[in-house]
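Peer 1:
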Amino acid sequence: MKKRIAALAIGLSALAVMPALAETMRLGDSAAVTGVKDNIVLRAMPDTEADELAQIAPEESVTYLSPEKDGFAQVEYDGMRGYVPAGNLTSQTAHGAAFSITDEERSSINLFLSNFTEQGMLRYDENDSEDEELVRFSVWHIWFNQHDRWESGEWGNNNRRLSDKGIADVAQKYFGRRPLMLDLPELDYDGDYYYFEETGGNMGIGFACLSEVESLGGGLYRVYFGVYGEGEAWNAADCALLPEQAANLYDQTPPQQGCAVIRTLGLGSQNGMTLKSLLIE
2 MKKRIAALAI
12 GLSALAVMPA
22 LAETMRLGDS
32 AAVTGVKDNI
42 VLRAMPDTEA
52 DELAQIAPEE
62 SVTYLSPEKD
72 GFAQVEYDGM
82 RGYVPAGNLT
92 SQTAHGAAFS
102 ITDEERSSIN
112 LFLSNFTEQG
122 MLRYDENDSE
132 DEELVRFSVW
142 HIWFNQHDRW
152 ESGEWGNNNR
162 RLSDKGIADV
172 AQKYFGRRPL
182 MLDLPELDYD
192 GDYYYFEETG
202 GNMGIGFACL
212 SEVESLGGGL
222 YRVYFGVYGE
232 GEAWNAADCA
242 LLPEQAANLY
252 DQTPPQQGCA
262 VIRTLGLGSQ
272 NGMTLKSLLI
282 E
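Numbered by the numbering used here, the letters in the sequence shown go through residues 2 to 282 in order.
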């Protein structure tokens, strides 16, 4: 029998939203501004005298990033990161039930998430994503992982090209939809191929190493993970590591932290997994 690894996920019902104090929130939670009649101030630092970045109206939502001292929590609002009074936040996120996963499942989830961390992707939301994000990811995923699919030659100022069909296939596999094909600043499109000049691709931030899993029902899972090996020659075998093993091997404490929601019919293989959302801090 395969060894099963206990997840430490918070055992809240996935069927109802349970309010929580900011101190008990988790990375990526949606939180509403409550307990005030007037706007609260998003500040650059956790200090009442720090620069004002924006004002947030009551009941508006922010994305919770991390707790801070002196009564402030770090949040993201309208594309800006800053600090608000922690006592004015109430969780809007339903957490799923805790459960155990096998070593094989852990490795599969890590491999899937590492497709995004190897490119340095920090944010994704299927409800607020642009087609260019999916095209860009797919181009560089093929560049890093499927060398037999790109062609070399001379096309004006470009020396590489990829078929739009291959790019659409990758986007469908990892995001569950095919993007609209369009020109990008670094990619020329002629209706059949994307052309580019070799630059080495995007700089990655390492590989994902799972720490916790929550089942949300309906084939949805929220996963929490660290990112290790930035600037190092890591490989797919590292995706089988436990967090403490990854930290010892790559001497990264603390690592960047991430959370994601994925959809899959089974956790035993990354094939069939699609990304619904991603946040890495």
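Glycine included, each C-beta is placed from N, C-alpha and C at the ideal position.
Can you say whether Phe226 is buried or exposed, counting buried as having 16 or more other CB atoms within 10 angstroms of its CB?
Peer 2: With 16 or more Cβ atoms within 10 Å of its Cβ, Phe226 is classed as buried.
Peer 1: So Ala241 and Asp104 are in contact, right, with Cβ under 8 Å, and what is the actual spacing, rounded?
Peer 2: Between Asp104 and Ala241 the Cβ distance is about 7 Å, and since that is below 8 Å, they are a contact.
Peer 1: Please work out which residues of its chain come closer than 6 Å, Cβ to Cβ, to Pro180, disregarding the five sequence neighbours upstream and downstream, and give them in chain order.
Peer 2: Closer than 6 Å at the Cβ level, and outside the excluded window around Pro180, lie Asp132, Leu135, Val136, Ala172.
Peer 1: Tell me which residue opens and which closes the beta strand (DSSP E) that Asp126 is part of.
Peer 2: Element bounds for Asp126: 124-126.
Peer 1: Could you pull out every unbroken beta strand (DSSP E) segment of at least 3 residues lying fully inside the region 108-192, listed in chain order?
Peer 2: 124-126, 152-156, 159-164, all fully within the region 108-192.
Peer 1: What is the DSSP secondary structure of Pro68, reduced to helix, strand or coil?
Peer 2: If DSSP states are grouped into helix, strand and coil, Pro68 belongs with the strands.
Peer 1: Mind checking who Glu213 pairs with in its DSSP beta bridge?
Peer 2: Glu213 pairs with Tyr225.
Peer 1: So Gly1 and Ser216 are supposed to be a Cβ contact under 8 Å. How far apart are they, rounded?
Peer 2: In the structure displayed, the chain extends from 2 to 282; residue 1 sits before or after that span and is not available.
Peer 1: So, is Asp239 buried or exposed, given that buried needs 16 or more other C-beta atoms within 10 angstroms?
Peer 2: It is buried - the Cβ of Asp239 has at least 16 other Cβ atoms within 10 Å.
Peer 1: Once you ignore the five residues that flank Met81 on each side, which residues in its own chain have a CB closer than 8 Å to its CB?
Peer 2: Here the set comprises Leu43, Leu54, Ala55.
Peer 1: By how many angstroms is the C-alpha of Tyr251 removed from the C-alpha of Gly267?
Peer 2: Spanning the two alpha carbons is a distance of roughly 30 Å.
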